[in-house]
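What follows is a short report on a single structure.
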Amino acid sequence: MKTFRVEHDRPSCIGCGACAAVAPEFWEMKDPDGKSDLVGGKKIAGGKKEREIDEKSYSQNRAAADVCPVNVIHIFEKGKKLV
């Protein structure tokens, strides 16, 4: 089964909530700053978060990345950026 890495550039998030609306299992809105948060994500450099997902979770996270108006959600496969 394929695995993917989702990366969220949280500091650049504007808090529109689109990702949480289309993929609530993976994305939620956080108080007090109102930005989205990658559920189960681990902090990495620059205030970003990342999480590994499997192939069946790809479409939900791809939808979240596609609706993000500021393109702060990225998906990688074997180090190659897909979104």
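Quick note: to get our numbering, add 457 to the position in the sequence shown (first position is 1).
Yeah, the Cβ is synthetic: ideal placement off N, Cα and C, and Gly gets one too.
All of these numbers come straight from a predicted model, not from anything done at the bench.
**OP:** Following the continuous beta strand (DSSP E) through aspartate 523, name the residue where it begins and the one where it ends.
**Re:** Locating residue 523 in the sequence shown gives position 66, where the first residue counts as 1. Run containing aspartate 523: none in the beta strand (DSSP E); it sits in the alpha helix (DSSP H), 512–524.
Subject >> Classification of glutamate 464 by the beta-carbon crowding that lies within 10 angstroms, buried from 16 upward >> reply: Translated into the one-based positions of the sequence shown, residue 464 becomes position 7. Buried, because 16 or more other Cβ atoms sit within 10 Å of the Cβ of glutamate 464.
Subject >> Distance CB(phenylalanine 483)-CB(glutamate 534) smaller than 8 Å >> reply: Sequence index remark: in the sequence shown, residue 483 carries index 26 (1-based). Sequence index remark: in the sequence shown, residue 534 carries index 77 (1-based). Cβ distance not < 8 Å, so phenylalanine 483 and glutamate 534 don't count as in contact.
Original post:
Where do the N-terminal and C-terminal ends of the beta strand (DSSP E) with valine 496 fall, by residue?
Top reply: Your numbering for residue 496 matches position 39 in the sequence shown. Where valine 496 is concerned, there is no enclosing beta strand (DSSP E), given that its DSSP letter is neither H nor E.
**OP:** Return the Cβ separation of arginine 467 and lysine 492 in integer angstroms, given the expectation that the two are a contact with Cβ distance under 8 Å.
**Re:** Along the sequence shown, one-based indexing puts residue 467 at 10. Along the sequence shown, one-based indexing puts residue 492 at 35. Contact holds; Cβ gap of about 6 Å.
Subject >> Of the residues Pro526, Ser469 and Ile510, the one placed nearest aspartate 490, counting alpha carbons only >> reply: To locate residue 490, count along the sequence shown from 1; it is residue 33. Of the candidates Pro526, Ser469 and Ile510, the one whose C-alpha sits nearest the C-alpha of aspartate 490 is Ser469.
Original post:
If you draw a straight line from the C-alpha of valine 529 to the C-alpha of methionine 458, how long is it?
Top reply: In the sequence shown, counting from the first residue as 1, residue 529 sits at position 72. In the sequence shown, counting from the first residue as 1, residue 458 sits at position 1. Valine 529 and methionine 458: Cα-Cα distance of roughly 26 Å.
**OP:** Taking all protein chains shown into account, decide if leucine 539 is buried (16 or more other Cβ within 10 angstroms of its Cβ) or exposed.
**Re:** Reading the sequence shown from its first residue, position 82 is the one you call residue 539. Exposed, because fewer than 16 other Cβ atoms sit within 10 Å of the Cβ of leucine 539.
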